[in-house]
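Before any comments, here is the structure.
Residue numbers (the working numbering): 5 to 348.
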């Protein structure tokens with residue numbers, strides 16, 4: 005396939021170039037553990053993540069899926085008590101093979117502080133050591149526990165949003181499908197940020213960003229191979245592993261789906277939203293012009309990043325009925341500015 009990449013936003017281009025100076029070894033069987041260790045070494049201490057905000061942190065060990073090891077979840081709650089009885093259930097990114105529950109946690113600390121709600125982040129098993137269905141079943145088991153302990157944690161079990169970035173977005177979509185097909189738990193919304201949902205890698209965007217971006221076509225091919233083995237790209241792939249494989253997208257919770265125009269996941273995100281609409285469901289879709297994968301975290305002050313975070317915050321406010329004006333005043337933000345956090 006002959007393709008021409010979409011140009012980067014001028015504000016983002018210098019950030020992208022700085023991030024990719026000198027490059028590094030591509031993801032593969034020989035490098036995955038070193039890349040995982042490198043990402044883990046950048047995890048900040050929890051005190052630094054909390055940053056002095058009035059937010060309580062707690063780790064809990066909870067039951068995993070039947071016959072599988074226990075899981076660890078991190079729970080964030082306002083020190084002065086929950087004022088908005090809603091919860092965010094976060095699934096971290098990392099291409100199915102990297103990452104931990106502390107990735108992007110700063111944004112959840114902000115959301116807990118501003119909105120007075122609960123946030124829970126789950127530590128799931130990683131491929132290739134633990135291929136499908138381990139990651140999605142771990143995430144589903146964590147959601148079940150969170151829902152069952154809503155009273156203890158201080159929120160309404162009908163007001164949970166499942167969310168994740170990249171691989172976490174794919175797992176959030178998979179968990180939403182499992183919850184629908186297994187009759188619960190109830191999910192108020194699914195936040196799918198630049199989601200990794202299609203193992204086939206046949207879209208135009210998957211070819212446009214081959215060797216471009218920190219998560220490019222090569223990384224994506226290996227991430228799916230780590231998760232699915234030789235089944236990746238084949239005929240017998242579970243929709244709970246690769247939600248784009250689902251033939252029925254009806255009956256799902258409202259979705260927020262976004263991606264950068266300059267990343268592998270762009271076209272599968274558009275397709276997923278389109279098929280939710282075709283099934284009579286609710287989806288809000290944003291494709292951010294000139295944006296690369298992870299732009300809101302790598303370039304948080306760029307105009308397109310601010311717009312993306314505002315849109316995410318607006319959707320959360322609407323789907324969870326959050327106290328918009330009060331939240332903005334508490335955050336010191338100008339009136340009419342949603343507080344979105346840097347999830348991607």
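Glycine residues also receive a C-beta, built at the ideal position from the N, C-alpha and C atoms.
Quick check on the DSSP output: the alpha helix (DSSP H) that includes residue i runs from which residue to which?
| i | result |
| --- | --- |
| residue 112 | 109-119 |
| residue 142 | 138-152 |
| residue 40 | 36-45 |
| residue 211 | 208-212 |
| residue 323 | 307-324 |
| residue 244 | Premise fails: residue 244 is in no alpha helix (DSSP H) and is neither H nor E. |
| residue 195 | That residue, residue 195, is in no alpha helix (DSSP H); its beta strand (DSSP E) goes 193-197. |
Go ahead and label residue i buried or exposed: buried means 16 or more other beta carbons lie within 10 angstroms of its beta carbon, across all protein chains shown.
| i | result |
| --- | --- |
| residue 96 | buried |
| residue 94 | buried |
| residue 200 | buried |
| residue 224 | buried |
| residue 186 | exposed |
| residue 152 | exposed |
| residue 254 | exposed |
| residue 346 | Confidence at residue 346 is low in this model, with a pLDDT of 35, below 50, so the placement of that residue should be treated as unreliable; the coordinate-derived value is given next. Buried, since its Cβ has 16 or more Cβ neighbours within 10 Å. |
| residue 210 | buried |
| residue 259 | buried |
| residue 53 | buried |
| residue 155 | exposed |
| residue 163 | buried |
| residue 272 | buried |
| residue 252 | exposed |
| residue 13 | buried |
| residue 239 | exposed |
| residue 62 | exposed |
| residue 18 | exposed |
| residue 303 | buried |
| residue 169 | buried |
| residue 45 | exposed |
Nearest CA to the CA of residue i: which residue from the options?
| i | options | result |
| --- | --- | --- |
| residue 229 | 82, 65, 101 and 88 | 101 |
| residue 296 | 262, 179 and 235 | 262 |
| residue 292 | 319, 125, 310 and 76 | 310 |
| residue 148 | 243, 190, 195 and 232 | 190 |
| residue 247 | 171, 209 and 220 | 171 |
| residue 122 | 16, 85 and 133 | 85 |
| residue 324 | 313, 194 and 238 | 194 |
| residue 144 | 44, 75 and 40 | 75 |
| residue 165 | 115, 212, 131 and 133 | 115 |
| residue 28 | 236, 217, 268 and 307 | 217 |
| residue 196 | 206, 251, 231 and 276 | 276 |
| residue 270 | 232, 198 and 56 | 198 |
| residue 202 | 308, 215 and 235 | 235 |
| residue 108 | 206, 300 and 279 | 300 |
| residue 180 | 243, 214, 232 and 212 | 243 |
| residue 35 | 226, 63 and 66 | 226 |
| residue 66 | 127, 274 and 286 | 127 |
| residue 72 | 231, 51, 134 and 328 | 134 |
| residue 5 | 89, 208 and 12 | 208 |
| residue 188 | 48, 161, 169 and 173 | 161 |
| residue 40 | 282, 104, 326 and 238 | 104 |
| residue 125 | 110, 58 and 30 | 110 |
| residue 184 | 327, 173, 256 and 322 | 256 |
| residue 146 | 274, 215, 241 and 64 | 64 |
| residue 58 | 249, 37 and 118 | 118 |
For residue i versus residue j, is the C-beta distance shorter than 8 Å?
| i | j | result |
| --- | --- | --- |
| residue 167 | residue 176 | yes |
| residue 137 | residue 129 | no |
| residue 265 | residue 10 | yes |
| residue 220 | residue 268 | yes |
| residue 43 | residue 98 | yes |
| residue 83 | residue 60 | yes |
| residue 91 | residue 150 | yes |
| residue 16 | residue 294 | yes |
| residue 307 | residue 231 | no |
| residue 47 | residue 106 | yes |
| residue 55 | residue 88 | no |
| residue 142 | residue 68 | yes |
| residue 30 | residue 222 | yes |
Terminal residues of the continuous beta strand (DSSP E) containing residue i?
| i | result |
| --- | --- |
| residue 168 | 164-169 |
| residue 91 | 91-95 |
| residue 82 | 75-82 |
| residue 63 | 59-66 |
| residue 291 | 287-296 |
| residue 261 | 259-266 |
Using a Cβ distance threshold of 8 Å, determine whether the region 71-81 contacts the region 16-31, with at least three qualifying pairs required. Result no; under three Cβ-Cβ pairs closer than 8 Å.
Given 8 Å as the limit, is there contact between the region 283-292 and the region 311-318, that is, 3 or more CB pairs closer than that? yes
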